[in-house]
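J.: Heads up: the protein sequence lines correspond to chains A, B and C, in order. Here the first sequence is numbered in the working numbering, starting from 8 and rising by one per residue. Here the second sequence is numbered in the working numbering, starting from 580 and rising by one per residue. Here the third sequence is numbered in the working numbering, starting from 7 and rising by one per residue. Glycine residues also receive a C-beta, built at the ideal position from the N, C-alpha and C atoms. Note that the structure is predicted; figures quoted are calculated from it, not measured.
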Amino acid sequence: MRELICIVCPRGCHMRVDGDLNVTGNFCPRGEAYAKAELTHPTRVVTSTVRITGAAYPRCPVKTAAPVPKEKIFDVMDAIGRVTLSAPVRVGQTVIEDVCGTGVAVVAAREMP
Amino acid sequence: MYELIVVGGGPAGLAAACAAWDSGLRHILIVERDRELGGILNQCIHNGFGLTWFKEELTGPEYAHRFIELLARTGVEVRTDTMVLDVTADLRVHMTGPATGYRIERAKSVILAMGCRERTRGAIGIPGTRPAGVYTAGAAQRYVNVEGWLPGRRVVILGSGDIGLIMARRMTLEGAKVLACVEVMPYSGGLTRNIVQCLQDFDIPLYLSHTVTQIRGRDRVEQVVVSRVDEKRAPIPGTEMVFDCDTLLLSVGLIPENELTERAGVEMDPRTKGAVVYENMETSVPGVFTCGNVTHVHDLVDFVSAESQRAGTAAAKYVLHGPAAGESVSLKNGPGVSYTVPQRVRPQNVEKAFNVFFRVNRIFGKSEIVVRARERELCRFKRDRLAPGEMENITVPVKLLEGVTGDVTVEIREV
Amino acid sequence: MTDVVIIGCGVIGAAAAMELSRYDLDITVVERENDVAVGTTKANSAILHAGYDPRPGTLMARLNVRGSALARDYCAALDVPYRQCGSMVLAFSERELATLRELLERGVKNGVPGLTILSGGEARTREPALSDAVLAALWAPTAAIVSPWELCLAFAETAVKNGARLRLNTTVTGLERMEEGWRVHTSAGDIETRYVVNAAGVDSDAVHDMAAPHSFDIKPSRGEYYLLDKAEGTRVNTVVFQCPSERGKGVLVSPTVHGNLIVGPNAESAEKHDLATTARGLDFVRETAKLSVPSVDFSKSIRNFAGVRANTGRDDFLIGVAAPGFVDLAGICSPGLTSAPAIGEYAVELLAGEGLALKKKEHFDFQRRRVRFKELPEAERQALVERDPAYGRVICRCETVTEGEILACLRTPVPPVSVDGVKRRVNAGMGRCQGGFCAPRVVEILARELKISPGDIVKDRAGMNILAEETKGGGSRV
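Shown next as structure tokens:
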């Protein structure tokens with residue numbers, strides 16, 4: 008039996024997962040999915056910034072378009088650290104197509120005209 | 580003459596202006612002191628915003644962008660880089676900006692949405708030297724996320740408010756070493772999910788019932804001393820731990836920024852440090868409304884948007900149909916509750932039900948939220964867990980207030 | 007060869023420089039730090055004392071009363087925030103009432119105008135927040151409050167405008183007697199000069215020893231303070247003292263010219279540059295202040311700080327000629343800020359006695375004005391923003407300080423190089439959020455105007471860098 012707190016939404020459900028991956032204490036199905044993933048293959052969305060030239064500020068916020076394996080967070084940060092954008096940048100614009108072989112894109116999270 | 584002037588173009592002001600437009604106002608002005616709309620969301624680059632409002636998980640800038648796009652479809656006028664210096668009780672708004680100049684605009688209604696500021700070292704009185712390297716978490720967030728500068732490399736965080744937790748992860752990702760997060764209360768002030776994904780994910784220890792008792796270092800922070808505290812939050816001698824660090828981040832609370840509100844003569848609530856508001860976010864000064872963190876500090880921007888929408892709709896109703904009518908009942912804290920918003924409800928002005936936001940004053944396990952008028956119970960709501968760090972929200976059908984005069988109390992009963 | 011080298015640019019060195027700059031002289035002021043007014047000058051009670059404390063007949067008594075009158079005129083001429091709000095010394099017992107009578111007598115001998123003893127009731131009528139336990143109070147109408155760092159800045163700027171050289175970041179390492187005059191060894195090379203003035207504050211004993219036989223030690227006394235939000239700024243309207251003791255003038259509660267309430271200090275012996283506050287010291291200040299004014303709301307605290315006073319254990323300043331052509335302005339403890347203008351004058355007198363030839367300048371520029379946007383009436387604000395849009399951009403929300411004011415202070419004769427330097431000149435960051443919002447903007451403005459990297463911007467002294475390194479390994483400017 009393992010106890011964990013759901014991080015899918017701010018509600019923060021306190022959940023229990025048994026050896027057969029049966030989940031209790033979750034308010035919604037997303038919690039169950041999170042609990043199973045967390046025990047088998049935990050993932051996280053990475054948010055950070057990349058260098059940008061020609062904008063009002065020197066950094067543009069970005070995020071992974073989907074969660075990436077938790078153990079790859081720092082590899083993803085390294086990859087993000089190698090990118091330089093130039094303005095203008097639109098929200099949702101792809102910054103890296105497939106970051107670190109995860110199949111997940113890194114996208115811009117702010118309009119930088 | 581504007582129908583509505585909204586002071587502040589952060590999430591509260593944006594939602595309020597959009598709602599007022601949708602409710603029929605056509606002469607609306609948003610005044611924003613920063614160079615762009617979006618307010619503090621622009622530096623909150625982490626995700627977790629919008630799950631309630633947009634049913635998807637967005638970063639702060641994305642959440643702001645959604646509202647900025649909605650606003651762009653309206654005819655709302657926006658003046659950025661413009662600071663409001665004064666709002667008078669007769670609704671004259673003094674403002675100044677490089678492009679705006681110094682101007683006084685008149686309005687039929689005003690929505691105050693200035694947000695909040697962070698408590699500082701001086702407010703909590705940490706003894707020691709005064710070197711560089713002590714920052715509020717929000718200032719550090721701006722340096723890292725907007726300016727692209729890391730303020731330090733070895734970090735201790737005092738306070739487990741959400742911004743502090745978020746910055747623990749953020750600075751770790753950018754290569755700093757976060758040594759500890761220290762919280763004076765026996766429970767965290769932030770959302771549980773942030774404890775998990777910002778501290779536990781990176782093995783950052785959280786010291787509950789501890790505080791920083793000394794800052795050392797002449798030019799730059801060199802060490803901070805952390806001590807355990809007793810039930811009265813007094814440091815216990817002999818429990819000192821010394822951390823070698825160059826940075827101390829403070830995440831020790833947010834205070835609504837109500838200087839304009841007070842100058843306008845609005846009645847204030849010492850519990851929220853915001854205005855006393857009615858069910859529609861109207862203040863004691865006719866035509867003046869407040870919403871968002873200037874009214875009470877929220878944990879989730881989604882609730883700011885909902886509250887601000889109510890304020891925008893109400894301001895439109897005020898301008899187009901005149902003042903709201905009816906006697907009001909007062910909402911009071913019962914045991915376990917530290918404040919309620921709204922503080923007053925006019926049943927005549929509520930269609931079906933009204934929302935009550937509140938915070939509890941300690942951690943509760945399985946409990947019931949009981950709303951009552953003197954001895955008469957009006958309704959009760961079940962919760963598995965209640966914590967001061969997480970704002971609660973209940974919806975009370977207005978018909979329950981029939982025949983009620985005087986005060987209505989919200990209280991917590993552990994079961 | 008220069009005529010006079012002044013060592014130290016706190017309010018004493020600056021006052022001496024300004025008084026000397028009235029004459030045709032070649033003056034160099036050397037200051038160890040990157041700005042003026044950064045030692046004892048910036049961390050004290052910000053009071054101009056009436057002059058009833060010093061023992062009659064002392065230099066201190068004379069310079070205090072003279073300085074108090076001069077400061078009033080100088081503040082008016084040089085646009086330094088000043089308010090003559092008067093002061094009260096409270097007595098809580100018959101024994102303390104006797105002390106008040108003694109102070110009154112001293113004050114009369116020292117030539118302090120308008121002193122009277124009020125009954126407890128009279129004192130409370132004047133100052134309703136006073137404790138019911140107050141038995142009587144000595145009322146001194148000529149006491150005033152001032153911005154101490156702006157007073158020093160005004161003196162230093164006036165000196166520089168009138169030809170004095172200010173060499174910052176310059177530490178004096180030794181003094182060498184030459185056939186005529188002195189060779190001043192500094193971290194930035196030697197300076198040859200006819201005369202030397204020692205205004206080195208808590209280090210004035212060390213500088214004295216470079217030129218003359220050891221004759222005194224500075225035994226610094228550290229005082230800790232609370233600064234409270236403007237919401238508490240009118241808790242009292244006059245300076246409220248308790249009865250003085252051997253340890254100093256005691257804990258006071260006073261308004262400040264910036265609209266806040268200042269409470270403190272305690273008095274603890276400390277190392278020369280130990281400016282740390284302590285839990286014990288702050289507790290003492292709180293508890294003691296509540297005896298005078300029980301209603302002070304310390305939850306409205308916005309800042310704690312500590313300052314060191316250059317005590318010597320004697321009851322007078324140590325001012326005089328210590329070696330040929332070498333003048334000490336040392337041991338300047340309280341009331342040093344008040345006495346500063348008179349000490350400056352007296353320094354000139356002493357140098358003249360040593361043979362310094364004094365010829366008044368034909369044109370002595372004795373004017374200073376700065377824009378305080380917040381205090382301007384609407385019409386002037388309008389005109390100002392129209393003329394220069396930078397005055398329309400508010401950088402510090404709490405104190406309503408505009409970018410125009412910050413840019414203007416960067417063009418003054420003694421421009422700031424740090425965030426706190428900007429704060430001392432225009433009040434940005436002095437308010438309730440303590441720079442939480444405006445510090446990043448001030449860093450940005452300083453970096454842009456000084457044409458240096460944000461990473462090189464310091465909070466105050468050299469070495470107090472605010473930012474450690476750029477994220478993403480740097481690169482990419484706006």
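DSSP on A/Thr56, reduced to helix/strand/coil?
T.: Here residue 56 of chain A corresponds to residue number 49 of the first sequence, with the count starting at 1. In the structure shown, A/Thr56 adopts extended strand secondary structure according to DSSP, grouped into three states.
J.: Would B/Arg953 and C/Phe311 qualify as a contact pair, given that the criterion is a beta-carbon distance under 8 angstroms?
T.: Numbered from 1 along the second sequence, position 374 holds the residue referred to as residue 953 of chain B. Numbered from 1 along the third sequence, position 305 holds the residue referred to as residue 311 of chain C. No, the Cβ-Cβ distance between B/Arg953 and C/Phe311 is not below 8 angstroms.
J.: Using a C-beta to C-beta distance shorter than 9 angstroms, which residues of chain A count as neighbours of B/Arg772?
T.: Position 193 of the second sequence, counted from the first residue, corresponds to residue 772 of chain B. Contact note: B/Arg772 reaches chain A through Ile12, Cys13, Ile14, Val15, Cys16, Pro17, Arg18 and Gly19, using a C-beta cutoff of 9 angstroms and chain order.
J.: On the DSSP letters alone, give me the boundaries of the alpha helix (DSSP H) that B/Asp823 sits inside.
T.: Start at 1 with the first residue of the second sequence, and residue 823 of chain B comes out as number 244. Premise fails: B/Asp823 lies in the beta strand (DSSP E), Met820 to Asp823, not in any alpha helix (DSSP H).
J.: Take C/Arg320 as the anchor and find which of C/Ser305, C/Glu409, C/Ala336 and C/Ser193 has the nearest alpha-carbon.
T.: Residue mapping note: residue 320 of chain C aligns to position 314 of the third sequence, counting from 1. The residue with the shortest Cα to Cα distance from C/Arg320 is C/Ala336.
J.: Using CA atoms only, rank isn't needed, just tell me which of B/Val763, B/Leu737, B/Glu947 and B/Ile774 is closest to A/Cys20.
T.: Numbered from 1 along the first sequence, position 13 holds the residue referred to as residue 20 of chain A. Answer by Cα proximity: B/Ile774.
J.: Report all residues from its chain with a CB closer than 6 angstroms to the CB of B/Met674; omit the five preceding and five following residues, and keep chain order.
T.: The residue you call residue 674 of chain B lines up with position 95 of the second sequence. Excluding positions up to five away in sequence, the list reads Val610, Thr661, Val663 and Arg682.
J.: Give me the Cβ distance between B/Gly712 and C/Gln440, rounded to the nearest whole Å; I'm assuming they're in contact under 8 angstroms.
T.: On the second sequence, position 133 is the one that residue 712 of chain B refers to. On the third sequence, position 434 is the one that residue 440 of chain C refers to. At roughly 15 angstroms, the Cβ-Cβ gap does not stay under 8 angstroms, so B/Gly712 and C/Gln440 are not in contact.
J.: How long is the line joining the alpha carbons of C/Ile458 and C/Ile451, rounded to whole angstroms?
T.: The residue given as residue 458 of chain C occupies position 452 in the third sequence. The residue given as residue 451 of chain C occupies position 445 in the third sequence. C/Ile458 and C/Ile451: Cα-Cα distance of roughly 10 angstroms.
J.: Say whether chain B places a C-beta atom closer than 8 angstroms to the C-beta of A/Tyr41.
T.: Residue numbering aside, residue 41 of chain A sits at position 34 when the first sequence is read from its first letter. No, because no Cβ of chain B sits closer than 8 angstroms to the Cβ of A/Tyr41.
J.: Please give the ranges of any beta strand (DSSP E) in the stretch 302-357 of chain C, keeping only runs that are unbroken, at least 3 residues long and fully inside the region.
T.: 307-315, 324-329 and 332-336
J.: Rounded to whole angstroms, what is the Cα-Cα separation between A/Thr56 and A/Asp82?
T.: For the purposes of this step, residue 56 of chain A is taken as the residue at position 49 of the first sequence. For the purposes of this step, residue 82 of chain A is taken as the residue at position 75 of the first sequence. Cα to Cα, the separation comes out at about 14 angstroms.
J.: Starting from C/Thr179, trace the beta strand (DSSP E) in both directions and tell me its first and last residue.
T.: Counted from its first residue, the third sequence places residue 179 of chain C at position 173. Looking at the DSSP string, the run of the beta strand (DSSP E) that includes C/Thr179 is Val178 to Arg183.
J.: Taking 6 angstroms as the limit between beta carbons, can you name the residues of its chain near C/Arg72, skipping five residues before and five after?
T.: Your numbering for residue 72 of chain C matches position 66 in the third sequence. Excluding residues within five positions, the ones whose Cβ falls inside 6 angstroms are Ala348.
J.: Does A/Gly26 have its Cβ less than 8 angstroms from a Cβ in chain C?
T.: Along the first sequence, one-based indexing puts residue 26 of chain A at 19. Not one chain C Cβ lies under 8 angstroms of A/Gly26.
J.: So which residues of chain B does C/Lys465 contact, with C-beta pairs closer than 7 angstroms?
T.: By 1-based counting over the third sequence, the position of residue 465 of chain C is 459. Going along chain B in sequence order, the residues near C/Lys465 (Cβ under 7 angstroms) are Ala711.
J.: Can you tell me where the alpha helix (DSSP H) with C/His214 in it begins and where it stops?
T.: The sequence position of residue 214 of chain C within the third sequence is 208, counting from 1. Taken as a continuous stretch (DSSP letters only), the alpha helix (DSSP H) holding C/His214 covers Ser210 to Ala217.
J.: Flag B/Asp878 as yes if its beta-carbon sits less than 8 angstroms from any beta-carbon of chain A, otherwise no.
T.: Counting from 1 along the second sequence, the entry for residue 878 of chain B is found at position 299. Chain A, which has a Cβ nearer than 8 angstroms to the Cβ of B/Asp878, makes this yes.
J.: Between B/Glu726 and chain A, is there a C-beta pair that is closer than 8 angstroms?
T.: The sequence position of residue 726 of chain B within the second sequence is 147, counting from 1. Yes, its Cβ sits closer than 8 angstroms to a Cβ of chain A.
J.: Could you tell me the alpha carbon to alpha carbon distance between B/Val975 and B/Ala966, rounded to whole angstroms?
T.: To locate residue 975 of chain B, count along the second sequence from 1; it is residue 396. To locate residue 966 of chain B, count along the second sequence from 1; it is residue 387. Between B/Val975 and B/Ala966, the C-alpha separation is close to 21 angstroms.
J.: Using the Cα positions of C/Arg89 and B/Thr631, report the straight-line distance between them to the nearest angstrom.
T.: Residue 89 of chain C sits at position 83 when you count from the first residue of the third sequence. Residue 631 of chain B sits at position 52 when you count from the first residue of the second sequence. Approximately 55 angstroms, taken between the alpha carbons.
J.: In chain B, what lies closer than 8 angstroms to A/Pro36 by C-beta?
T.: Taking the first sequence and counting its residues from 1, one reaches residue 36 of chain A at position 29. In chain order: nothing, as chain B lies at least about 14 angstroms away.
J.: Looking at chain C, which residues of the stretch 64-79 of chain A have a Cβ within less than 9 angstroms of any of its Cβ atoms?
T.: Tyr64, Pro65 and Arg66
J.: According to the neighbour-count rule (16 or more other Cβ atoms, all chains shown, within 10 Å of its Cβ), is B/Arg645 buried or exposed?
T.: Sequence index remark: in the second sequence, residue 645 of chain B carries index 66 (1-based). Buried, by the Cβ-count rule.
J.: Report all residues from its chain with a CB closer than 8 angstroms to the CB of A/Arg66; omit the five preceding and five following residues, and keep chain order.
T.: Along the first sequence, read from residue 1 onward, the residue named residue 66 of chain A stands at position 59. Thr56, Val57, Arg58 and Ile59, listed in sequence order.
J.: So, for B/Gly905: in the same chain, excluding its five sequence neighbours on each side, which residues have a beta-carbon less than 6 angstroms away from its beta-carbon?
T.: Here residue 905 of chain B is taken as the residue at index 326 of the second sequence, counted from 1. If we look at B/Gly905 and ignore the five residues flanking it on each side, its Cβ neighbours are Arg925, Gln927 and Asn928.
J.: Out of curiosity, what's the CA-to-CA distance linking B/Ile703 and C/Gly16?
T.: By one-based count along the second sequence, residue 703 of chain B stands at place 124. By one-based count along the third sequence, residue 16 of chain C stands at place 10. Distance between the alpha carbons of B/Ile703 and C/Gly16: 30 angstroms.
J.: Closest by CA to C/Ala189, which one among C/Asp394, C/Ala104 and C/Phe332?
T.: On the third sequence, position 183 is the one that residue 189 of chain C refers to. The sequence as given places Arg at residue 189 of chain C; Ala does not occur at that position. Minimum Cα distance to C/Arg189 is reached at C/Phe332.
J.: Shortest alpha-carbon distance to A/Tyr41 belongs to which of A/Val53, A/Val24 and A/Glu78?
T.: Position 34 of the first sequence, counted from the first residue, corresponds to residue 41 of chain A. Residue A/Val24 is the option with its Cα nearest to A/Tyr41.
J.: Taking DSSP as the reference, what is the three-state secondary structure of A/Cys25?
T.: The residue you call residue 25 of chain A lines up with position 18 of the first sequence. Reading off the sequence, residue 25 of chain A comes out as Asp, not Cys. In this structure, A/Asp25 counts as coil in the three-state DSSP scheme.
J.: With C/Tyr410 and C/Arg315 assumed to form a contact (beta carbons below 8 angstroms), what rounded beta-carbon distance in angstroms separates them?
T.: If you number the third sequence from 1, residue 410 of chain C lands on position 404. If you number the third sequence from 1, residue 315 of chain C lands on position 309. In the sequence as presented, Tyr is not what sits at residue 410 of chain C; that position holds Gly. With a Cβ gap of about 37 angstroms, C/Gly410 and C/Arg315 do not count as contacting.
J.: What's the gap between the Cα of C/Leu124 and the Cα of C/Lys296?
T.: As a first step, residue 124 of chain C is located in the third sequence; it is residue number 118 there, counting from the start. As a first step, residue 296 of chain C is located in the third sequence; it is residue number 290 there, counting from the start. Approximately 20 angstroms between the Cα atoms of the pair.
J.: For B/Leu948, would you say it is in contact with chain A, using Cβ-to-Cβ distances shorter than 8 angstroms as the test?
T.: Start at 1 with the first residue of the second sequence, and residue 948 of chain B comes out as number 369. According to the sequence provided, residue 948 of chain B is Ile. The question's Leu does not apply to it. With 8 angstroms as the cut-off, B/Ile948 does not count as an interface residue toward chain A.
J.: In this structure, does DSSP put C/Gln248 in helix, strand or coil?
T.: The count along the third sequence starts at 1 and reaches residue 248 of chain C at position 242. Three-state DSSP puts C/Gln248 in coil, outside helix and strand.
J.: Helix or strand or just coil, what does DSSP make of B/Met847?
T.: The residue labelled residue 847 of chain B in the question sits at position 268 within the second sequence. Of the three classes helix, strand and coil, the one that applies to B/Met847 here is strand, per DSSP.
J.: From B/Val983, B/Leu979, B/Glu930 and B/Glu990, pick the residue whose C-alpha is nearest to that of B/Arg962; which is it?
T.: As a first step, residue 962 of chain B must be located in the second sequence, where it is residue number 383. The candidate whose alpha carbon is nearest that of B/Arg962 is B/Glu990.
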